[in-house]
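For the sequence shown, counting from 1, position 204 maps to 196 in the working numbering; every step adds exactly one. Every residue gets a Cβ at the ideal spot worked out from N, C-alpha and C, and that includes glycine. Quantities reported herein were computed from a predicted structural model and do not represent experimental measurements.
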Amino acid sequence: MHKITLILGDGIGPEVAEAARRCVDATGVQIDWDVQDSGAKVSEKDGDPLPARVLDSIRKNKVALKAPVTTPLGEGFRSVNVRLRQELDLFACVRPCRTLHGLKNAVEGVDIVIFRENTEDLYAGIEYTAGSDDTKKLIEFIGDTKGKKIRSDSAVSIKPISKYASERIVESAFYFAESNNRKKVTGVTKSNIMKESDGLFMYVAKEVAKRHKIPYDHVLVDALCMKLVQNPLQFDVLVLPNLYGDIVSDLCAGLTGGLGIAPGANIGDEYAVFEAVHGSAPDIAGKGLANPTAMVLSAAMMLNHIGEINAGKKLESAVEEVISEGKKLTCDLNPTSPVKTNEMTAEIIRKIR
Ligand code: NAI
């Protein structure tokens, strides 16, 4: 029996979490779900969207399946996702982007795995508010040491990139590439402009690549976006700092059928949290319109992680069969005759064998 934390989240979170739980249970793997709530609703009640009990549960169980959580824009509490990744040191965000047979709009044959650094970069959460005393001091310091003038009404966000964090994410990407017979690893930065932070990531990636046999190349993030749209088939494993990884993940999700089908995992040395790439989708919450696939495929990744490889494969195949048949799909995949979240989930469960 595996004990796993299940975080329900906000918006469509509870709907897709329930769908994923039903699918995992249908594989026959024995799981004792430790159900936890987190997010905007919890914040109103407990004053913290990520109460200690949620972190304690993941620390105890080591593995969590997490539904999306709302983050207020610009103000309010800090992202629960960013906090989780930092507090549990879930340094590798792994996002497979693969064309599933049967989706009409997707480019055929895309099979990219993204390794996004998860703990630093502009997502480190080190931000200075416009007009505050600390910001004034920082602006003065930068003027004195760099001779650069920053406008006095600026807000400032800090972008730390360390050798340590860069090395471990690149190593993970190579380890994955080698253990899964992938063809190539591509490092992605904007090192022509950010010569220090991105320059360090690029340098470290090149050094790590020398220790491995698999081919390595480097591409600037702007060029990558163009090339991905023109010909995504030229890419295999991508390794990127945090912000670029976030943006490129959505681009690749768009290339392979949209956010409704894009799974992901946040992995560290001790803990792992599996979650879809998409957010809480407040525009469709509570209407039964959410596509359960991204969460279900994240759950399949979780099954692989806990050693239930067979069950993970069964679940993946069931999803692929439902999508390739194209009859019981939610409206993001089939706008003309869609079914509800529950019906698509039931169809996936029917195909598990
Ligand atoms: P979103 O991913 O929630 O939605 C973007 C668009 O995709 C919407 O039109 C939505 O309806 C659609 N969509 C998303 N998931 C879908 C699904 N399973 N089935 C069908 N359609 C789906 O991104 P948005 O609107 O920018 O963010 C909403 C909230 O989610 C924000 O508070 C954001 O901070 C949060 N968020 C949370 C994440 C997490 O918990 N891991 C990740 C990304 C965003």
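Scanning its chain for C-beta atoms nearer than 7 Å, with the 5 sequence neighbours on each side dropped, one finds around residue 18 the residues 341 and 344, in chain order. Secondary structure at residue 28: strand, using DSSP grouped into helix, strand and coil. The continuous beta strand (DSSP E) containing residue 208 extends over residues 208 to 212. Contact annotation: residue 11 and residue 248 have beta-carbon atoms that are not nearer than 7 Å. Taking all protein chains shown into account, residue 65 has fewer than 16 neighbouring C-beta atoms within 10 Å of its C-beta and is therefore exposed. For residue 179, the three-state secondary structure derived from DSSP is strand. Within the DSSP secondary-structure output, residue -1 pairs in a beta bridge with 28 and 58. Here residue 196 is near residue 158, since their CB atoms are less than 7 Å apart.
DSSP places residue 273 in no alpha helix (DSSP H); its state is neither H nor E.
Between the alpha carbons of residue 281 and residue -4 lies a gap of roughly 26 Å.
Counting every other CB atom within 10 Å of its CB across the protein chains shown gives residue 156 a total below 16, marking it as exposed. In this structure the region 107 to 115 lies against the region 77 to 85, because at least three pairs of beta carbons, one per stretch, are closer than 8 Å.
Within the region 232 to 273, the alpha helix (DSSP H) runs of at least 4 residues that lie entirely inside it are, in chain order, 234 to 247. A Cβ-Cβ distance of about 13 Å is found for the pair residue 177 and residue 216, leaving them out of contact under the 8 Å criterion. Here the alpha carbons of residue 102 and residue 233 stand approximately 22 Å from one another. Taking each of 307, 51 and 297 in turn and checking the Cα distance to residue 284, the smallest one comes out for 307. Under the 10 Å beta carbon count, residue 62 is surrounded by 16 or more other beta carbons and is classified as buried. In this structure residue 87 is buried. Its beta-carbon is surrounded by 16 or more other beta-carbon atoms within 10 angstroms. As far as DSSP is concerned, residue 93 takes part in no beta bridge. Judged by DSSP secondary structure, residue 166 falls within the alpha helix (DSSP H) whose first and last residues are 155 to 171. When secondary structure is reduced to three states using DSSP, residue 108 falls in the strand class. Of the residues 16, 314 and 60, the one whose Cα lies closest to the Cα of residue 6 is 60. The alpha carbon of residue 89 has as its nearest neighbour, out of 179, 230 and 203, the alpha carbon of 230.
Distance between residue 9 and residue 169, taken at the CA atoms: about 30 Å. Restricting attention to 93, 183, 58 and 191, the CA atom closest to the CA of residue 31 is found in 58.
Approximately 18 Å separates the beta-carbon atoms of residue 318 and residue 286; this is outside 8 Å, ruling out the contact.
Of the candidates 289, 208 and 321, the residue whose Cα lies closest to the Cα of residue 166 is 208. Between residue 189 and residue 151, the gap from beta carbon to beta carbon is short of 7 Å.
In the three-state reduction of the DSSP assignment, residue 8 falls in the helix class, which pools H, G and I.
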